[in-house]
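Sequence order for the protein chains is A and B. Going letter by letter, the first sequence gives residues 2 to 116 in this note's numbering. Going letter by letter, the second sequence gives residues 6 to 118 in this note's numbering. Positions of the beta carbon are idealized from the N, C-alpha and C atoms, including for glycine. For clarity, every value in this text was computed on a predicted model and none was experimentally measured. I have placed the structure first, in the form of structure tokens, so that the comments after it can refer back to it.
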Amino acid sequence: EAQVTQNPRYLITVTGKKLTVTCSQNMNHEYMSWYRQDPGLGLRQIYYSMNVEVTDKGDVPEGYKVSRKEKRNFPLILESPSPNQTSLYFCASSLPDLRVPDTQYFGPGTRLTVL
Amino acid sequence: GQQLNQSPQSMFIQEGEDVSMNCTSSSIFNTWLWYKQDPGEGPVLLIALYKAGELTSNGRLTAQFGITRKDSFLNISASIPSDVGIYFCAGPTGSSNTGKLIFGQGTTLQVKP
Numbered sequence: 002e003a004q005v006t007q008n009p010r011y012l013i014t015v016t017g018k019k020l021t022v023t024c025s026q027n028m029n030h031e032y033m034s035w036y037r038q039d040p041g042l043g044l045r046q047i048y049y050s051m052n053v054e055v056t057d058k059g060d061v062p063e064g065y066k067v068s069r070k071e072k073r074n075f076p077l078i079l080e081s082p083s084p085n086q087t088s089l090y091f092c093a094s095s096l097p098d099l100r101v102p103d104t105q106y107f108g109p110g111t112r113l114t115v116l
Numbered sequence: 006g007q008q009l010n011q012s013p014q015s016m017f018i019q020e021g022e023d024v025s026m027n028c029t030s031s032s033i034f035n036t037w038l039w040y041k042q043d044p045g046e047g048p049v050l051l052i053a054l055y056k057a058g059e060l061t062s063n064g065r066l067t068a069q070f071g072i073t074r075k076d077s078f079l080n081i082s083a084s085i086p087s088d089v090g091i092y093f094c095a096g097p098t099g100s101s102n103t104g105k106l107i108f109g110q111g112t113t114l115q116v117k118p
């Protein structure tokens, strides 16, 4: 079954404690991306990756890091989380051309709370 | 930076009614994407539009790429309860259809049986 998995699904942490949210896909997609979703703001892209070892900033990259050492994995790292990073996070993967329907997959989301 | 504005922000309609929503931008887009997010799930791509004036359907959904390339419209005919969710428009920024994506803030649809 084609899928994008994220872990953990829920996380409550404290300010300053480094954390990693993992994302893995089993479709051999080149493109992967991270988004955060906040009420009234829609989804905002954090980082994206066009292929292994290629990453670029989205609209809201501050406070986040990513790495793409393997094609299937695209972890999101918060080195020093702050309360304004409390949000719902989605990982997505697709073929490089985002216009092709039925080839984009989003993960189930990770709800992060930073106290 | 580029922004996408969706309207209305929310809609509460009766089952069987038709729905219209739109997405506007101050800058030109070469591709428009429409997604639906079911409660508690990630978004799913519904329709992709490639050129100005294009009209594309997916079942009861029809989307149009505005001729100015600064707007797009999504219509749902004969709504049913499973149409409930948040509908997002999105577009790739830059000259290619890959990479950096921006999303509208979403239109929340509720359908009364």
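Would you say residue i faces chain C, with C-beta separation under 8 Å as the test?
i: residue 76(A); result: Protein chains in the displayed structure are A and B, and chain C is not among them.
Alpha carbon to alpha carbon, what distance is there between residue j and residue i?
i: residue 18(B); j: residue 75(A); result: 40 Å
i: residue 67(B); j: residue 64(A); result: 39 Å
i: residue 74(B); j: residue 45(A); result: 22 Å
i: residue 29(A); j: residue 107(B); result: 24 Å
i: residue 13(A); j: residue 111(B); result: 26 Å
i: residue 85(B); j: residue 81(A); result: 45 Å
i: residue 77(B); j: residue 105(A); result: 20 Å
i: residue 11(B); j: residue 41(A); result: 11 Å
i: residue 7(B); j: residue 96(B); result: 10 Å
i: residue 58(A); j: residue 72(A); result: 18 Å
i: residue 33(A); j: residue 22(A); result: 14 Å
i: residue 3(A); j: residue 39(B); result: 21 Å
i: residue 91(B); j: residue 46(B); result: 10 Å
If we cut at 8 Å on Cβ distances, does residue i have a partner in chain B?
i: residue 28(A); result: no
i: residue 64(A); result: no
i: residue 51(A); result: yes
i: residue 12(A); result: no
i: residue 86(A); result: no
At what residues does the beta strand (DSSP E) containing residue i begin and finish?
i: residue 43(A); result: 43–52
i: residue 56(A); result: 55–58
i: residue 90(B); result: 90–97
i: residue 110(B); result: Where residue 110(B) is concerned, there is no enclosing beta strand (DSSP E), given that its DSSP letter is neither H nor E.
i: residue 26(B); result: 24–30
i: residue 39(A); result: 32–39
i: residue 34(B); result: Unbroken run through residue 34(B): none, as it is neither H nor E.
i: residue 14(A); result: 11–14
i: residue 19(B); result: 15–19
i: residue 81(B); result: 76–81
i: residue 10(B); result: 9–12
i: residue 69(B); result: 66–70
Counting contacts by CB-CB distance shorter than 8 Å, is residue i in contact with chain A?
i: residue 105(B); result: yes
i: residue 114(B); result: no
i: residue 78(B); result: no
i: residue 59(B); result: no
i: residue 20(B); result: no
i: residue 204(B); result: Summary: the structure shown does not reach residue 204(B), with chain B confined to residues 6 through 118, and so no result is reported for it.
i: residue 109(B); result: yes
i: residue 50(B); result: yes
i: residue 93(B); result: yes
i: residue 71(B); result: no
i: residue 64(B); result: no
i: residue 90(B); result: no
Taking 8 Å as the cut-off, decide whether the C-beta atoms of residue i and residue j are in contact.
i: residue 110(A); j: residue 89(A); result: yes
i: residue 50(B); j: residue 28(B); result: no
i: residue 81(B); j: residue 43(B); result: no
i: residue 62(A); j: residue 16(A); result: no
i: residue 115(B); j: residue 16(B); result: yes
Enumerate, from N- to C-terminal direction, the unbroken beta strand (DSSP E) stretches of 3 or more residues contained entirely within the segment 61–114 of chain A. 77–79 and 88–95
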